[in-house]
Amino acid sequence: MATTLFILLFHMSAMADNNKIDEGTAEEKSETEEINTDENVAGDGRVNIDEERMDKSEEVENILSTGGKDLHVLDEGEGGGNVEADVEEYGGGVEMPEQEAVDVTTEEILGSDIGEEETLGRDVEEEEKLGGEVEEEEVKLGRDVEEEEEKVGGEVEGEEKLGRDVEAEEEKLGAGVEEEEKLGRDVEAEEKLMEDVGIEEKLEGAVGTEGKRKGAVGTGELTANVRVAKKMQGYVAGEASIEDEHAVEWGEYSDSKIAVDEDSQEPGSKPVPPEMPRNGGDDPGDKPEYLDEYDHQKKTFPNLALNISWSFGYNKNIPVQNLTDDNRSMVVYASSHISVMYDYVSNKQWILQGHANSITCIYVSQNKKWLVTADKGKDSAVIIWDTYTYIPIQTLFGASADGMTAIALTPDSKYLATLSASEYQEFSLWDWTVNGEKPLISVNLTPLYGLQNYIYFNPEDYNQIVTNSESHVIFYQLVEVSSEITYVANKKPLKIIKLVTSGINVLSVMYNNIVIGDMEGRVSFFNQKLMLMHRYSNFDLGPVNFISFCPLSKNIQHPEKYPRSCTLAGEPFISPDFILSSTNALCGFVKAEGPTITLIMKDHGSIVPAIATHPFRPYLLTGCHGGFLRLCDYEKKTVLSSRQFEDAMIQCCVYSPDGFYVGVGFTNGMIHILDALTLTSQESDIHHYCSDYITHLAFSEHSRYLAIADSGYAVCLLQKEGDTFRYIGRYRSHYQPIRDLMFRETFQSLVPVLLSLGEDRRLVEYDILPDNAEGVQLLSVDRIEQSAIPLCMAWYPSFTKEYFILTVNNEYKYKLYNSSTKMCRQTILSPTYGSPLTKIIVLPKTESEANSRYMAFITTDKIGLQVLPIDGNRHKSTAFIAHPDGVANVSASYDGKYLFTTSRKDASLHMWNTNISALEAQVKLGGEDLIPFYELIEGGREGDVFHDLEKYFYYSQLRCSGIDSMETRPVTTTIPITEIPFVLRAMGFYPTEEELANIDNEVKFTDYVETETFKESINIGDFLKLLINHRPLVPPSTEQLKWAFDILATCDDDGGTPCLLTEELIDILQTEGEHMKSDELCEILAGLSLPSKTDYDDDTVTVPRLSEEELTLKICRNLPEYISAPEFASKLLGLRNLEFSE
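Below, the structure written as structure tokens:
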């Protein structure tokens, strides 16, 4: 890391005006005191904020919260009184007298009913007895009562109605003598408060307008009483009428009285939410009620089978941005392809989804209102979000074919700058509020400047922009006349000064101070003359990688609590609070007053390959390559315990079914067996029997055995004895990596069944003897695939009396094997979402879904759900992007409500809510019976493919009944199973002999378990399913043929192409793989290489019939001596248009 700060202050002249110091004071102070910040401490202990900043801040009206209502304070020019006193009275945390809830609403006071007006009149008389001056209001109300009585028919009837209303109100208030005394005290307190604040005229006008609209009250002293009643109602929790009235009042005059131009706000000023502001204040309970996290997800993705509900990790390489303001305590960070807004006080998250690739850069506007995210890769996008409503306001699709490396907004948030991630980078400027299709200006950069990855606007002149890479800094000047952007080459450094001893990671500006974060975890503040003002060095978070400041508080009551500056006078160093993130995946909130630091996020510092869930509690265990093991409650979102393993990388972990133990495997071959809650272990529970890293762990159903698979292709077994586990043995049963490992209890024996599956296409069953005297022994070894590679396996739920093992291979096929005979009983097309399935988990059975079972799966980058039983219906599965850079692992909660995925590239970990009803609705919409399968053939039910299948079925029936027969033949929709190979080949699918045997077993044993009879025929619907499930999803390619010749070739031709001798090729075809008999081979080669009858010009010529020896000799003469892959395809197979890559 560079240890020299290269500072180019191209806006020094503009910022120098803000640092002028009084001449008289400057003569008395030292040189160090001359460069002090613009926040000086006065003699009375208060901080005198910069006058220019205070003048600007006074132009913006303050929204001060008291209880459930907002007081709108005017400045002194409008008769508002002392603004500093107002802030101290309302915003400074002064406790108001505790008030009892009064069952009187503002609507009752301001209502249009004459009875309520008379009741108010009676209340005013009672208040007068307690010391209130209400004589004028009494007269006014008396006139109103007389006018109303004349309208309804007479004074007597009005008095009777008044009496009835008074009695009802007295009963409602409980003969409110005590309440009236309290109300009187509140009136006096409110009158005094209104005199201090000086807002009586504004309140009178607002309430008066409301009163005139409703015909209830006007102006005068009753206005204060109404405000008191409103204030009292603000302390009543859950009063709907007050909230509704507040909404009406805000809608009436908010635009004209407290509207704030966001573009004109200074850094630190309070942004106005786009919706109605709610309660404010420092108490978390009084913050604006933004859209709830659950409601946000429900409204955004209401009908998805899987929804991200929480993110437990984040990408530490992308800085954590600060969204904290007066109304919220929030940060935003990137986690794989989503951005997360996290309230670290209330411990809530809001998930923002919209990217198809992992997010590479993130930016927050100066006023904290706009969030910009960008990714890198195919289908990249730039999205601008509203941080108050969590809604994407603008999306730039195709802004760059390769994505973005940097983004930035101008300080007024009007323009957006982007840097593309392509080799020849493009710098673009967008007017994103107007046009998201085309940038205003673009300029191409040369690769000689390095990969530019940062953008900064001159805050004094937006036409000046700077970007930098690891080696170059580029300056841009926007020429408004010609609407183009040009390089500025005449820049040179003013100063080159070594400020810190370690590398600089962060360079930022805080008002007039320069802020630096270094590799030693220190945060330093320098003034414009590069003199140190203050340094924080005791955070202990690791190397700093980002600093983001909160708005500076305007109510600094205790400046003596701030740290001392480095000046000679040692005055308090006043700075705003800030968020600090480090390269160790730690994030803290630094409160400058104190100062104090609060750790708000502690995450895994590296990728998380190990993940496991508790068998019957909402606990999630995760382990990373950094050796950090963490146990958390995924429902309460709290950390229960953690443990750091020094110099060890965690690779996998598993819970025992009884929930008492945790097995943890490491990359150095060690196995730790820990307590499931405390994560502690005894010395006897640490095992180290190999030097290869541990890949899989599996407990038996009763937690008696622990099986371990390692990268040395071996399986190790431990047995529980008392409170510890004893080593039994280790067996190297595979010659390729082991892909899965699992136990299964059997009813016939107390000893479980242990199976392992490897890339060598072997399914190995181990013999676990009761005494284990001879260690681990093999019981059976079965090769279950010919060419495909098995990737994972699971025990298939029992829908019949037969027990199956479910496997998935890299050719997009499910396969069901009988657990006893290992016979392949069924082959089914697996979900096709870009890559094969790499892991499957059968979800637990629940009471509400007793008759249905479901399975979760992951692919290279997606997570999905599958409805069981599987049959090839593509509508029975769904998948979503989980981690675009690759999914490392997946786990399911004990009740099946949640799924958890981890990334292969970063520490992101997502928790997914499962919505089974949405998946079932998808299945219903897909259709029943054969409708989903018709969609999988070209043309559907009415296409040529299905019509050809119907013809082949008819021809097969002719073959079975005899071609030469003249009898009437019954035409059906079934054919004998012996005709299946011929129809499959006629449809263009050429299965191997082993595949034909599997197909025969699949059809023959369909109903054998239930009926004990073999099936002898198949109908056209079942045959269509058979064809779709068995035919290869991807046709054979020239690459596979070339790969085969590269492996088998014994020599090269003149051009250096690998080839085989013709004799060697014939020998391989007869001895390797599925053996071909000589007569079969001669028949095939004769048909491919010798001329047929159609090749003769004269149809009357008879083709001579040759013996086997003559046929073999003639075939060899027609074939070349050497055969390469292109010659094999063109001369033997007749595929002359194939192209082979070099």
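In terms of mature numbering (1 follows the signal peptide of the UniProt record, and there is no 0), the sequence shown is residues -16 to -1, 1 to 1126. Glycine included, every Cβ here is placed at the ideal spot set by N, Cα and C.
Cβ of residue i within 8 Å of Cβ of residue j?
i: residue 1057; j: residue 592; result: no
i: residue 379; j: residue 367; result: yes
i: residue 761; j: residue 742; result: no
i: residue 357; j: residue 323; result: yes
i: residue 1044; j: residue 1107; result: yes
i: residue 817; j: residue 843; result: yes
i: residue 846; j: residue 865; result: yes
i: residue 634; j: residue 682; result: no
i: residue 772; j: residue 740; result: no
i: residue 584; j: residue 572; result: yes
i: residue 822; j: residue 776; result: yes
i: residue 872; j: residue 887; result: yes
For residue i, which of helix, strand or coil comes out of DSSP?
i: residue 1028; result: helix
i: residue 8; result: With a pLDDT of 39 at residue 8, under the threshold of 50, the predicted position of this residue should be treated as unreliable, though the coordinate-derived value follows. Of the three classes helix, strand and coil, the one that applies to residue 8 here is helix, per DSSP.
i: residue 514; result: coil
i: residue 429; result: coil
i: residue 888; result: coil
i: residue 806; result: coil
i: residue 910; result: helix
i: residue 783; result: coil
i: residue 875; result: strand
i: residue 1066; result: helix
i: residue 944; result: helix
i: residue 586; result: strand
i: residue 928; result: helix
i: residue 822; result: coil
i: residue 23; result: Unreliable positioning characterises residue 23 in this predicted model, as indicated by a pLDDT of 36, which lies under 50. The coordinate reading is nonetheless provided below. In this structure, residue 23 counts as coil in the three-state DSSP scheme.
Mind checking residue i: buried by the 16 CB within 10 Å criterion, or exposed?
i: residue 1109; result: buried
i: residue 1027; result: exposed
i: residue 533; result: buried
i: residue 477; result: exposed
i: residue 674; result: buried
i: residue 1049; result: buried
i: residue 312; result: buried
i: residue 475; result: exposed
i: residue 700; result: buried
i: residue 1118; result: exposed
i: residue 489; result: buried
i: residue 928; result: exposed
i: residue 783; result: exposed
i: residue 837; result: buried
i: residue 950; result: exposed
i: residue 300; result: buried
i: residue 458; result: buried
i: residue 628; result: exposed
i: residue 408; result: exposed
Say yes only if the C-beta of residue i is nearer than 7 Å to one or more non-hydrogen atoms of the ligand SAH, and no if none qualify.
i: residue 294; result: With respect to small molecules bound, the structure shown includes none, and the ligand SAH cannot be examined in it.
ask   = Taking one C-beta from the segment 343 to 361 and one from the segment 607 to 625 each time, how about it: are there three or more such pairs within less than 8 Å?
value = With a cut-off of 8 Å, the segment 607 to 625 and the segment 343 to 361 do not count as touching, because too few Cβ pairs lie within range.
message = Three or more C-beta pairs under 8 Å: does that hold for the segment 893 to 905 against the segment 934 to 950?
response = The segment 893 to 905 makes no contact with the segment 934 to 950; the number of CB pairs closer than 8 Å stays below 3.
message = For a minimum of 3 consecutive residues, which ranges assigned as the beta strand (DSSP E) are wholly contained in the segment 986 to 1053?
response = Taken in chain order, the whole beta strand (DSSP E) runs of length 3 or more contained in the segment 986 to 1053 are 1001 to 1003 and 1042 to 1045.
inquiry  = So within the segment 657 to 715, which uninterrupted beta strand (DSSP E) runs reach at least 3 residues, ignoring any that extend past its ends?
reply    = The qualifying runs are 670 to 672, 678 to 683, 689 to 694 and 698 to 705.
query = Does the segment 914 to 931 come close enough to the segment 852 to 863 to have 3 or more Cβ pairs within less than 8 Å?
reply = In short, these stretches touch, since the Cβ pair count reaches three.
key: Given 8 Å, three or more beta-carbon pairs between the segment 676 to 690 and the segment 630 to 649   = The segment 676 to 690 is in contact with the segment 630 to 649.
query = Counting Cβ pairs, one atom from each stretch, are 3 or more of them under 8 Å apart for the segment 437 to 450 and the segment 420 to 429?
reply = No, they do not touch.
key: Completely contained beta strand (DSSP E) runs for the segment 445 to 497, where each covers 3 or more residues   = If we require 3 residues or more, the beta strand (DSSP E) runs fully inside the segment 445 to 497 come out as 445 to 452, 457 to 463, 468 to 471, 479 to 481 and 488 to 494.
ask   = Is there contact between the segment 289 to 304 and the segment 507 to 526, where contact requires at least three CB pairs shorter than 8 Å?
value = Counting Cβ pairs under 8 Å, fewer than three are found: no touch.
key: Length at least 3, wholly inside the segment 543 to 574: the beta strand (DSSP E) runs in chain order   = 562 to 566, all fully within the segment 543 to 574.
inquiry  = With a threshold of 8 Å, are at least 3 pairs of Cβ atoms found where one atom belongs to the segment 931 to 939 and the other to the segment 958 to 973?
reply    = For the pair of segments examined, the segment 931 to 939 was found to touch the segment 958 to 973: the number of CB pairs separated by less than 8 Å reaches three.
task = With a floor of 3 residues, list each beta strand (DSSP E) that falls wholly inside the segment 361 to 431, ordered by position along the chain.
result = Listed in chain order, they are 365 to 370, 375 to 381, 388 to 393, 400 to 404, 410 to 414 and 425 to 428.
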